[in-house]
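Protein chains in written order, with the numbering used here: chain A, 14 to 251; chain B, 14 to 251.
The beta-carbon is built from N, C-alpha and C at its ideal position, and this holds for glycine as well.
Bear in mind that the values here come from a model prediction, so they are computed numbers and not experimental data.
Worksheet for the structure shown next.
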């Protein structure tokens, strides 16, 4: 068996794993979008489907890890190839967490519906859906940058994540205002706040995927931590 | 070079990486404890030291990943050995996240001090310190269960994590009561709530480490998701 043949076997294996990652990415994007729609419409059935679908995402992560381990054991890849396989596992782990956040969003939607549909939830639902749309695009671009090893696109993802942080900050202030105005808003706003925070974290995971692309294409871990727009010291003094 | 010699070289490499993981665990435990003391005492200098020390934790994770990749490339471990190396990387990743939560706690402490020391913060500081003590013990036991491949201890960690979840739920209700009582409590209680949630998540990561031990010793991923005491539907209707 020539070395060339072995290399091609590795590439074939890697392609198969990367296809699983892309499928996982698709399921995660669907989960985010469905969770946002379920929240906005107060759709309990859809929320329940999002919760159940998370199982498929978890199973895919498990399969990706098993396949990656199998490829490493079988092909004994070179340092460079190994780096690619390990990055696939990291990306699958990031996607799994994003799926968890979507699931949590669905859980909180169920809790919000139980509280009764308050104006504050209806209003926030639309803002949160816009935020999830931005984060879904970010995630999709992060996965594209990985699939095509597009460094410029990966860098763009890192920068655009700041917009998600800013959307979070704006929503946070909005929720705080509602809480200060009327104590009955406190419980729903806590749920909404956690949802917004989870969407903001999805953006961080999209960034983590983009950082894997930077690492793979340049060999360098991004030196400066990503510029963060969130600033916890920035809360109003109430 | 006999196969036996190769195996021993792998074991030596693995021991070196595991030593790094234990050192990382030590730094993370210190970060949690220091962050809790900084919060309780409103100690800005200590909070700042926790934030800076997180860099060392991140650097250790990077080193562990590099070393693990080097060992895989150099020793071409068998499937079983490979599983151990991959688990080390997962544990390092869990520890890195716990370190991030401690750093975030320090940031929020700085924000709370700026708000002025309110009775609600002083009171919560002691409860949160108890919660961090419980989580530090959990993390320490999770790492011990890994070092000694102690399945019973790992299972114990998974069960005890529910106590952390219960502590979180109790604190959450306490904060909600304070917020409903007096709107001036809302901003500090949001910080305190995030801190409590982050400590609860530290417990989840200790559990994730314990689950690696279950996987390594039994070859099975724990079948049922860990019983969760947190229930988002469980919030008061305000």
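Give a yes or no on whether the minimum CB-CB distance between residue i and chain A is below 9 Å.
{"i": "residue 90 (chain B)", "result": "yes"}
{"i": "residue 102 (chain B)", "result": "yes"}
{"i": "residue 231 (chain B)", "result": "no"}
{"i": "residue 96 (chain B)", "result": "yes"}
{"i": "residue 212 (chain B)", "result": "no"}
{"i": "residue 177 (chain B)", "result": "no"}
{"i": "residue 250 (chain B)", "result": "Since pLDDT at residue 250 (chain B) reaches only 42, below the 50 mark, its modelled position is unreliable, and the value read off the structure follows with that caveat. By this cut-off, residue 250 (chain B) is an interface position."}
{"i": "residue 206 (chain B)", "result": "yes"}
{"i": "residue 192 (chain B)", "result": "yes"}
{"i": "residue 99 (chain B)", "result": "yes"}
{"i": "residue 189 (chain B)", "result": "yes"}
Between residue i and the rest of its own chain, which residues show a CB-CB distance below 7 Å, the 5 nearest in sequence each way excluded?
{"i": "residue 103 (chain B)", "result": "225"}
{"i": "residue 123 (chain B)", "result": "57, 60"}
{"i": "residue 156 (chain B)", "result": "35, 38, 222"}
{"i": "residue 173 (chain A)", "result": "151"}
{"i": "residue 107 (chain B)", "result": "218, 221, 222"}
{"i": "residue 86 (chain A)", "result": "none"}
{"i": "residue 53 (chain A)", "result": "138, 139, 142"}
Any beta carbon of chain B sitting closer than 9 Å to that of residue i?
{"i": "residue 186 (chain A)", "result": "no"}
{"i": "residue 33 (chain A)", "result": "no"}
{"i": "residue 254 (chain A)", "result": "Outside the shown range of chain A (14 to 251) lies residue 254 (chain A), about which nothing can therefore be said."}
{"i": "residue 269 (chain A)", "result": "Within the shown structure, residues of chain A are numbered from 14 to 251, placing residue 269 (chain A) beyond reach of any answer."}
{"i": "residue 215 (chain A)", "result": "no"}
{"i": "residue 106 (chain A)", "result": "yes"}
{"i": "residue 164 (chain A)", "result": "no"}
{"i": "residue 203 (chain A)", "result": "yes"}
Assign residue i to one of two classes, buried (16 or more other C-beta atoms within 10 Å of its C-beta) or exposed (fewer than that).
{"i": "residue 99 (chain A)", "result": "buried"}
{"i": "residue 91 (chain A)", "result": "exposed"}
{"i": "residue 75 (chain A)", "result": "exposed"}
{"i": "residue 213 (chain A)", "result": "buried"}
{"i": "residue 109 (chain B)", "result": "buried"}
{"i": "residue 24 (chain B)", "result": "exposed"}
{"i": "residue 162 (chain B)", "result": "exposed"}
{"i": "residue 144 (chain A)", "result": "buried"}
{"i": "residue 38 (chain B)", "result": "buried"}
{"i": "residue 72 (chain A)", "result": "exposed"}
{"i": "residue 129 (chain A)", "result": "exposed"}
{"i": "residue 68 (chain B)", "result": "exposed"}
{"i": "residue 21 (chain A)", "result": "exposed"}
{"i": "residue 80 (chain A)", "result": "buried"}
{"i": "residue 190 (chain B)", "result": "exposed"}
{"i": "residue 195 (chain B)", "result": "exposed"}
{"i": "residue 42 (chain A)", "result": "buried"}
{"i": "residue 203 (chain B)", "result": "buried"}
{"i": "residue 183 (chain A)", "result": "exposed"}
{"i": "residue 167 (chain B)", "result": "buried"}
Just to confirm my understanding: we take residue i, look at its own chain, exclude 5 residues before and 5 after, and list those with CB closer than 8 Å. What are they?
{"i": "residue 164 (chain A)", "result": "158, 226, 227, 230, 231"}
{"i": "residue 187 (chain B)", "result": "137, 140"}
{"i": "residue 94 (chain B)", "result": "23, 27, 88"}
{"i": "residue 50 (chain A)", "result": "56, 59, 142"}
{"i": "residue 96 (chain A)", "result": "228, 229"}
{"i": "residue 40 (chain A)", "result": "66, 69, 70, 73, 112"}
{"i": "residue 78 (chain B)", "result": "102, 105"}
{"i": "residue 233 (chain A)", "result": "227"}
{"i": "residue 252 (chain A)", "result": "Residue 252 (chain A) cannot be examined here, being either before or after the span of chain A that is shown, 14 to 251."}
{"i": "residue 84 (chain A)", "result": "23, 26, 27, 30, 90, 98"}
{"i": "residue 197 (chain B)", "result": "131"}
By Cβ distance, which residues of its chain are closer than 6 Å to residue i, with the 5 residues on each side in sequence left out?
{"i": "residue 48 (chain B)", "result": "63, 115, 118, 119"}
{"i": "residue 134 (chain B)", "result": "125, 201"}
{"i": "residue 45 (chain A)", "result": "115, 145, 149"}
{"i": "residue 181 (chain B)", "result": "209, 213"}
{"i": "residue 205 (chain B)", "result": "137, 188"}
Determine the chain C residues that contact residue i at a beta-carbon separation under 8 Å, and present them in chain order.
{"i": "residue 45 (chain B)", "result": "This model lacks chain C altogether, as its protein chains are A and B."}
If the cut-off is 7 Å on Cβ atoms, which residues from the region 129-142 of chain A count as contacting chain B, listed in chain order? none
Check each residue of the region 72-88 of chain A: if its Cβ is closer than 7 Å to any Cβ of chain B, include it; give the result in chain order. 75, 82, 85, 86
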